[in-house]
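**Q** The sequence shown begins at 14 in my numbering and counts up by one.
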Amino acid sequence: MSVTTTAPPAPPAPSRPRRTRGALTALAAQVWLVPVAVAVWEAAARVAESVYFPPPSQIATRMYELWLTGPASRLFLTDEALDTFGPSLGRLFGGWLMACVAGVAIGVAVGRSRVLADYVDPVIEFCRAVPPAALIPLFIVLFKTSTQMQVATIVYGVIWPILINTIDGARYVDRVHTDTARVFGVRGARRLVRVVLPSAAPKIFAGLRLSLSLAVVLMVVSELVGATDGIGYQLMFTQQTFDMAAMWGSIVVLGILGYTLNASFLLAEKRILSWHRRARQTT
14 MSVTTTAPPA
24 PPAPSRPRRT
34 RGALTALAAQ
44 VWLVPVAVAV
54 WEAAARVAES
64 VYFPPPSQIA
74 TRMYELWLTG
84 PASRLFLTDE
94 ALDTFGPSLG
104 RLFGGWLMAC
114 VAGVAIGVAV
124 GRSRVLADYV
134 DPVIEFCRAV
144 PPAALIPLFI
154 VLFKTSTQMQ
164 VATIVYGVIW
174 PILINTIDGA
184 RYVDRVHTDT
194 ARVFGVRGAR
204 RLVRVVLPSA
214 APKIFAGLRL
224 SLSLAVVLMV
234 VSELVGATDG
244 IGYQLMFTQQ
254 TFDMAAMWGS
264 IVVLGILGYT
274 LNASFLLAEK
284 RILSWHRRAR
294 QTT
């Protein structure tokens, strides 16, 4: 007489309301400190009555007056908002994308060639030790106080994390992957696209994320010197005209910009590299 056994039923999937409550709880755990800090700042600023540290309510009002009283067709953005944020974002993404292309291309070439690495590594180590801000006078001589100067500063400063991470990722590709590709006759450009770049992708994305944060910093630094528009110029102008609420508003915008860029990049990275995480979990 045979005995048959049945597997226990799988536990039911969590309901949508439960998942929603869990997501809201996690979000609240992450951001609860923000309203607390704002409330403390508001109370302290009103008690101290310092000209240099206006309360958040005054900063928010000034931000609204400067940047959010435009027509609805432009998402309520004023001319000053477009003149301030547009050039900065153009320089930020222009410089970052140029550094991405150059850093990944050079990094893969150096990482896959030991001979080239022996010649280039000392130059890379020397150049990346030079602070980007120290080269601003040189860039001003070469490009004047123009957008090219600001973009050059961003490119020079952010290319190094991309380059170094790409070199490491391309150099230390899993030997099993390269041997398997060789057995199946995958060579040249096909091996680069199908083996090297996917294996190096986690390292490359780590460099891209770090470089994006650096790009925001260098965008502001380059605009503090000789620019006539942009968030950095707005910071300097409001400080010189003693408009402290607007100055703090620019700082808040930079914080929001940095947080948004980082969160967006993490979301994109999670989706693009989902195959890598699944592969790691099954090995």
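Positions of the beta carbon are idealized from the N, C-alpha and C atoms, including for glycine.
Treat the numbers as computed from the prediction; the structure is a model and nothing was measured.
If R104 and M260 are in contact, beta carbons under 8 Å, what's the gap, nearest whole angstrom?
**A** Within the sequence shown, the letter at position 91 stands for residue 104. Within the sequence shown, the letter at position 247 stands for residue 260. Not really, about 20 Å apart at Cβ, beyond 8 Å.
**Q** What do you reckon, are the CB atoms on L81 and F89 nearer than 8 Å?
**A** Here residue 81 corresponds to residue number 68 of the sequence shown, with the count starting at 1. Here residue 89 corresponds to residue number 76 of the sequence shown, with the count starting at 1. In contact: L81 and F89 (Cβ atoms closer than 8 Å).
**Q** Got a sec? Which residues, its chain only, sit under 6 Å from A202 by beta carbon, not counting five neighbours each side?
**A** As a working mapping, residue 202 is identified with position 189 in the sequence shown. Within the same chain, A202 has no close Cβ partners at all.
**Q** Helix, strand or coil for V230 per DSSP?
**A** On the sequence shown, residue 230 is found 217 positions in, with the first residue counted as 1. DSSP places V230 in helix when its eight states are reduced to three.
**Q** How about Q247 and S263: are their beta carbons less than 8 Å apart?
**A** For the purposes of this step, residue 247 is taken as residue 234 along the sequence shown, with counting starting at 1. For the purposes of this step, residue 263 is taken as residue 250 along the sequence shown, with counting starting at 1. Cβ atoms of Q247 and S263: closer than 8 Å.
**Q** Taking 6 Å as the limit between beta carbons, can you name the residues of its chain near L274, skipping five residues before and five after?
**A** Indexing the sequence shown from 1 puts residue 274 at position 261. Once the five neighbours on either side are set aside, the close Cβ partners of L274 are L225.
**Q** Do T179 and E117 come within 8 Å of each other at the CB atom, strictly closer than that value?
**A** As a working note, residue 117 is residue 104 in the sequence shown. As a working note, residue 179 is residue 166 in the sequence shown. It should be pointed out that residue 117 corresponds to Val in this sequence rather than to Glu. Yes.
**Q** Quick check on T18: does DSSP put it in helix, strand or coil?
**A** Here residue 18 corresponds to residue number 5 of the sequence shown, with the count starting at 1. Interpretation of T18 is limited by its pLDDT of 48, a score under 50 that renders its predicted location unreliable; no figure is taken from the coordinates.
**Q** Give the range of the alpha helix (DSSP H) segment to which F278 is assigned.
**A** Translated into the one-based positions of the sequence shown, residue 278 becomes position 265. From DSSP, the alpha helix (DSSP H) with F278 extends over M257 to I285.
**Q** Counting pairs of Cβ atoms below 8 Å between the segment 206-226 and the segment 276-286, do you hit three or more?
**A** Judged by Cβ distances under 8 Å, the segment 206-226 makes contact with the segment 276-286, as three or more pairs qualify.
**Q** Along the chain, which unbroken stretches of the alpha helix (DSSP H) at least 4 residues long are found entirely within the segment 134-208?
**A** As far as the segment 134-208 is concerned, its whole alpha helix (DSSP H) runs of at least 4 residues are 149-156, 160-184, 188-196 and 201-204.
**Q** Work out the CA separation of A57 and A112 for me, nearest whole Å.
**A** The residue you call residue 112 lines up with position 99 of the sequence shown. The residue you call residue 57 lines up with position 44 of the sequence shown. In a straight line, the C-alpha of A112 is about 43 Å away from that of A57.
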